[in-house]
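Read in order, the letters of the sequence shown are residues 2 to 489 in this note's numbering.
The beta-carbon is built from N, C-alpha and C at its ideal position, and this holds for glycine as well.
Okay, so here's the structure we're looking at.
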Amino acid sequence: MRSIRVRRFGRLAVAAGMFVALSGAGGTAAASGLVFVPLAQMGPHVSQQAVADPSGCVSGVIHCYTPDDIYGAYGVDAVHDAGWTGAGQTIVIVDSYGSPTAASDLHAFDQAFGLPDPKLTIHYPCGTPTFSNAMHGIQANWAEETSLDLQWAHAIAPGADIVLVAANPAETQGVQGFPCIFAGEQWAISHYPGAVMSQSFAVTEQSFHDAAPSQVAKYRSVYKQAAAAGVTVFGSSGDSGTANGDKQGRLFPFPTVNWPSSDPLVTSAGGTWLQYGWTWDPTISADQYYACLSTASDPSTCDAQYLNSVSGSKTEAVWKEDWLPAAGGGGRSALFPTPAFQAGISQSVLQGSRGLPDLSWNAAVDGGVLVHLGFLGGANNGFYIFGGTSAASPQLAGVVALANQARAAAGKSSVGYLNPLLYTLPSSDFTDTVPQTFGTGSGLTTLNSNAQYPTSIPGSATTAGYDLSTGFGSPKVPAFVGDLVAAP
Ligand SMILES: [Ca+2]
Numbered sequence: 002m003r004s005i006r007v008r009r010f011g012r013l014a015v016a017a018g019m020f021v022a023l024s025g026a027g028g029t030a031a032a033s034g035l036v037f038v039p040l041a042q043m044g045p046h047v048s049q050q051a052v053a054d055p056s057g058c059v060s061g062v063i064h065c066y067t068p069d070d071i072y073g074a075y076g077v078d079a080v081h082d083a084g085w086t087g088a089g090q091t092i093v094i095v096d097s098y099g100s101p102t103a104a105s106d107l108h109a110f111d112q113a114f115g116l117p118d119p120k121l122t123i124h125y126p127c128g129t130p131t132f133s134n135a136m137h138g139i140q141a142n143w144a145e146e147t148s149l150d151l152q153w154a155h156a157i158a159p160g161a162d163i164v165l166v167a168a169n170p171a172e173t174q175g176v177q178g179f180p181c182i183f184a185g186e187q188w189a190i191s192h193y194p195g196a197v198m199s200q201s202f203a204v205t206e207q208s209f210h211d212a213a214p215s216q217v218a219k220y221r222s223v224y225k226q227a228a229a230a231g232v233t234v235f236g237s238s239g240d241s242g243t244a245n246g247d248k249q250g251r252l253f254p255f256p257t258v259n260w261p262s263s264d265p266l267v268t269s270a271g272g273t274w275l276q277y278g279w280t281w282d283p284t285i286s287a288d289q290y291y292a293c294l295s296t297a298s299d300p301s302t303c304d305a306q307y308l309n310s311v312s313g314s315k316t317e318a319v320w321k322e323d324w325l326p327a328a329g330g331g332g333r334s335a336l337f338p339t340p341a342f343q344a345g346i347s348q349s350v351l352q353g354s355r356g357l358p359d360l361s362w363n364a365a366v367d368g369g370v371l372v373h374l375g376f377l378g379g380a381n382n383g384f385y386i387f388g389g390t391s392a393a394s395p396q397l398a399g400v401v402a403l404a405n406q407a408r409a410a411a412g413k414s415s416v417g418y419l420n421p422l423l424y425t426l427p428s429s430d431f432t433d434t435v436p437q438t439f440g441t442g443s444g445l446t447t448l449n450s451n452a453q454y455p456t457s458i459p460g461s462a463t464t465a466g467y468d469l470s471t472g473f474g475s476p477k478v479p480a481f482v483g484d485l486v487a488a489p
């Protein structure tokens, strides 16, 4: 029911594509066994020195970011300096299981980076899970996800209250799981109107099979409740480009997208590859990299060539890291037709479908964010580098919380259902993601789609303007927040 690929990166494990089994929705035969995937991509453990030195956050050849790095890259610091920290606002983080050290990890993160601890409320809609098998179990994957979500929603909006909905899925199929997650969301929507909600999980649309219309409609009612309550809802678009699998991990042999990110009532958070202070400069191709790994006695020699970098200012490309491999989810929904808010996007792109993602944020692992984990035990506890569209969704939720505070100060209601407003924003509110070429010699690589290496499933092209690999690109936070505040 789950597959875990683990590859050694130097001496450190990189786990990617961790599939987690949740129970089926509604208990029908067709829908039972649906799996929500937590979309966190875990990178290496980093030294305390890297944590302490924002200008030199690296682990081996992998780059990492502190809150100050991300503030600088996206202009979040300017919004904080203007007095908007999310105070008085609530961010709802939805995960399975949660983490036994959610609060203490968040505190350790705050201690390391000089942030205030937020008011943290943890809600278990279906009972408190018993955490076990911490090093190898699926609960550990969700605990990592939980720490990432909490710490980085909070980093962007350090003044906002955080509510963690930790849905305790059944160990057996067909009883809880999806229903528990959505029961928790309904609870949060009714208790925190005007909040921002982040969902860093997804399942391939095709997993529903013939049950899709009834199953999707069932949970869609929750998003309608969110819109009615002024709650903004984000969902991660996925970490496998257009190559997504069924519950056995078998790839659908055609481009697919993930739900609930594909629901037009959800704002789909895609991925970019932010290179801030450095520029990727591979000297070998991805094929050569994997050939090197298969023969080299020391894989770090392969890493040093493929993940080579040079000093640079700031570049943001489509998220496509073939070394993991991973890429940002995006494409055309098979479940939803083009919604009214996408009327301005060419049908040559959408072809009658809801297109996603809507916008993006850094999701890279080489260029990932620092996350504190305290449940691994002993020397394994500490900071790790994380990427994935799991990182994009909570950070974008934090950005909207900043806007909501400023809107409240102006006597306005919260942003609420974001998509209709998002598609009216000027292009100057975004850093458009376009094709970019990196590397030297045989390493010369153009990133121009979200195709998942090494599959032959076509990716969505990265183009000027809105595209199905990154949406509008990433927000230029001061301008983006300014326009969210200026909106009626
Ligand atoms: Ca673009």
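Would you list, in sequence order, the uninterrupted beta strand (DSSP E) runs of no fewer than 3 residues that lie entirely inside the region 449–483?
-> Within the region 449–483, no complete beta strand (DSSP E) run reaches 3 residues.
Quick one, are the C-beta atoms of Trp279 and Val319 less than 8 Å apart?
-> Looking up residue 279 in the sequence shown gives position 278. Looking up residue 319 in the sequence shown gives position 318. Going by C-beta atoms, Trp279 is not nearer than 8 Å to Val319.
If we call anything under 8 Å between Cβ atoms a contact, is Gly313 one with Val258?
-> Here the question's residue 313 lines up with position 312 in the sequence shown. Here the question's residue 258 lines up with position 257 in the sequence shown. No, the pair does not count as a contact, with Cβ atoms beyond the cut-off.
Would you say Gly466 touches ligand 1, meaning its beta carbon is less than 7 Å from a heavy atom?
-> By one-based count along the sequence shown, residue 466 stands at place 465. Taken from the Cβ of Gly466, at least one heavy atom of ligand 1 lies inside 7 Å.
Mind checking who Asp162 pairs with in its DSSP beta bridge?
-> By one-based count along the sequence shown, residue 162 stands at place 161. Bridge pairing for Asp162: Thr91 [DSSP].
The alpha helix (DSSP H) enclosing Ile139, as first and last residue numbers = Translated into positions along the sequence shown, residue 139 becomes position 138. In the DSSP assignment, Ile139 falls within the alpha helix (DSSP H) that extends over Ile139 to Ile157.
Rounded to whole angstroms, how far is the Cβ of Tyr290 from the Cβ of Trp260, which I believe are closer than 8 Å?
-> As a working mapping, residue 290 is identified with position 289 in the sequence shown. As a working mapping, residue 260 is identified with position 259 in the sequence shown. Separation of the CB atoms of Tyr290 and Trp260 is rounded to 33 Å, and the pair is thereby denied contact status at 8 Å.
Outcome for Ser415 when other beta-carbon atoms lying within 10 angstroms are tallied against a minimum of 16 | Residue mapping note: residue 415 aligns to position 414 of the sequence shown, counting from 1. Per the 10 Å Cβ criterion, buried.
Would you check whether ligand 1 has a heavy atom nearer than 7 Å to the C-beta of Thr273?
-> For the purposes of this step, residue 273 is taken as residue 272 along the sequence shown, with counting starting at 1. No, since every heavy atom of ligand 1 falls outside the 7 Å radius drawn around the Cβ of Thr273.
Keeping to the same chain, check which residues put their C-beta closer than 6 Å to that of Phe481; ignore five residues upstream and five downstream.
-> For the purposes of this step, residue 481 is taken as the residue at position 480 of the sequence shown. Correct list, in chain order: Asp430.
Residue environment, Ala83, which counts as buried when at least 16 other CB atoms sit within 10 Å = Working through the sequence shown from its first residue, we reach residue 83 at position 82. Classification for Ala83: exposed.
Report whether the distance from the Cβ of Gly474 to the nearest heavy atom of ligand 1 is below 7 Å.
-> Along the sequence shown, one-based indexing puts residue 474 at 473. Under cutoff, so the answer is yes.
Does the count of Cβ pairs from the region 148–165 and the region 392–402 closer than 8 Å reach three?
-> In this structure the region 148–165 touches the region 392–402; the number of beta carbon pairs closer than 8 Å is three or more.
With a threshold of 7 Å, establish whether the CB of Asp323 neighbours any heavy atom of ligand 1.
-> Within the sequence shown, residue 323 is the residue found at index 322, counting from 1. Exclusion of Asp323 from the 7 Å shell around ligand 1 follows from its C-beta lying no nearer than that to any non-hydrogen atom of the ligand.
Distance between Val77 and Leu485 (C-alpha atoms, nearest Å) = Position 484 of the sequence shown, counted from the first residue, corresponds to residue 485. Position 76 of the sequence shown, counted from the first residue, corresponds to residue 77. So the two alpha carbons sit approximately 14 Å from each other.
As assigned by DSSP and simplified to three states, the class of Arg355 = Indexing the sequence shown from 1 puts residue 355 at position 354. Note: Arg355 maps to strand in three-state DSSP.
How many Å lie between Pro39 and Ala203 at the Cα?
-> Within the sequence shown, the letter at position 38 stands for residue 39. Within the sequence shown, the letter at position 202 stands for residue 203. Distance between the alpha carbons of Pro39 and Ala203 is about 7 Å.
Work out the CA separation of Tyr307 and Glu322 for me, nearest whole Å.
-> Numbered from 1 along the sequence shown, position 321 holds the residue referred to as residue 322. Numbered from 1 along the sequence shown, position 306 holds the residue referred to as residue 307. Linking Glu322 to Tyr307 through their CA atoms gives a straight-line distance of about 11 Å.
Where Ala196 and Gly329 are concerned, what is the direct C-alpha to C-alpha distance, given to the nearest angstrom?
-> As a position in the sequence shown, residue 196 is number 195, starting the count at 1. As a position in the sequence shown, residue 329 is number 328, starting the count at 1. Spanning the two alpha carbons is a distance of roughly 26 Å.
Please confirm whether Leu116 and Leu165 have their CB atoms less than 8 Å apart.
-> For the purposes of this step, residue 116 is taken as residue 115 along the sequence shown, with counting starting at 1. For the purposes of this step, residue 165 is taken as residue 164 along the sequence shown, with counting starting at 1. Not closer than 8 Å, so no.
In chain order, each beta strand (DSSP E) run of at least 3 residues that lies wholly inside the region 358–439 | Listed in chain order, they are 360–363, 369–374, 383–388 and 437–439.
So which of Val232, His81 and Gly73 has the shortest CA-CA distance to Ile92?
-> As a first step, residue 92 must be located in the sequence shown, where it is residue number 91. Of the candidates Val232, His81 and Gly73, Val232 places its Cα closest to the Cα of Ile92.
Inter-stretch contact (C-beta, 8 Å, three-pair minimum) for the region 428–444 and the region 468–479 | They touch, by the three-pair rule.
With DSSP collapsed to three states, give me the class of Pro489.
-> Stepping through the sequence shown from its first residue, residue 489 is reached at position 488. Three-state result, Pro489: coil.
Please indicate yes or no: does the CB of Thr434 lie closer than 7 Å to some heavy atom of ligand 1?
-> Numbered from its first residue, the sequence shown carries residue 434 at position 433. Checking every heavy atom of ligand 1 against the Cβ of Thr434, one is found closer than 7 Å.
Within the present structure, is the beta-carbon of Thr205 separated from the nearest heavy atom of ligand 1 by less than 7 Å?
-> In the sequence shown, the residue the question calls residue 205 occupies position 204. Within 7 Å of the C-beta of Thr205 there is not a single heavy atom belonging to ligand 1.
Mark Gly18 as exposed unless 16 or more other C-beta atoms lie within 10 angstroms of its C-beta, in which case mark it buried.
-> Locating residue 18 in the sequence shown gives position 17, counting from the first residue. With a pLDDT of only 31 at Gly18, under 50, the local geometry of the prediction cannot be trusted, and the value read off the model is given with reservation. So Gly18 ends up on the buried side.
Express the C-alpha separation of Cys127 and Gly25 in angstroms, rounding to a whole number.
-> Counted from its first residue, the sequence shown places residue 25 at position 24. Counted from its first residue, the sequence shown places residue 127 at position 126. Model confidence at Gly25 stands at a pLDDT of 25, short of 50, so the residue's coordinates are unreliable and nothing is read from them.
When DSSP labels each residue in this structure, what does Leu121 get in the three-state scheme?
-> Taking the sequence shown and counting its residues from 1, one reaches residue 121 at position 120. Here Leu121 sits in strand by DSSP.
Which of helix, strand or coil DSSP assigns to Val176 | Within the sequence shown, the letter at position 175 stands for residue 176. Summary for Val176: the model assigns pLDDT 39, below 50, so the residue's position carries little reliability; its value from the coordinates is reported in the next sentence. Residue state for Val176 is assigned as coil, using DSSP reduced to three classes.
What are the complete alpha helix (DSSP H) segments, minimum 4 residues, inside the region 251–300?
-> DSSP assignment within the region 251–300 yields the following whole alpha helix (DSSP H) runs of 4 residues or more, N-terminal first: 287–296.
Identified DSSP bridge partners for His192 | Position 191 of the sequence shown holds residue 192. Paired residue(s): none; His192 is not in a bridge.
Is it the case that the Cβ atoms of Asn245 and Thr205 are separated by a distance below 8 Å?
-> Start at 1 with the first residue of the sequence shown, and residue 245 comes out as number 244. Start at 1 with the first residue of the sequence shown, and residue 205 comes out as number 204. Yes, the pair counts as a contact, with Cβ atoms nearer than the cut-off.
Residue of Ala488, Pro479 and Pro489 minimising C-alpha distance to Thr86 = The count along the sequence shown starts at 1 and reaches residue 86 at position 85. Proximity to Thr86 across Ala488, Pro479 and Pro489 peaks at Pro479, based on C-alpha coordinates.
DSSP state of Lys321 mapped onto helix, strand, coil = The residue you call residue 321 lines up with position 320 of the sequence shown. Reduced to three states, the DSSP call for Lys321 is strand.
Identify every residue that forms a DSSP beta bridge with Thr205.
-> The count along the sequence shown starts at 1 and reaches residue 205 at position 204. For Thr205, which the question treats as bridged, DSSP gives the partners Asn259.
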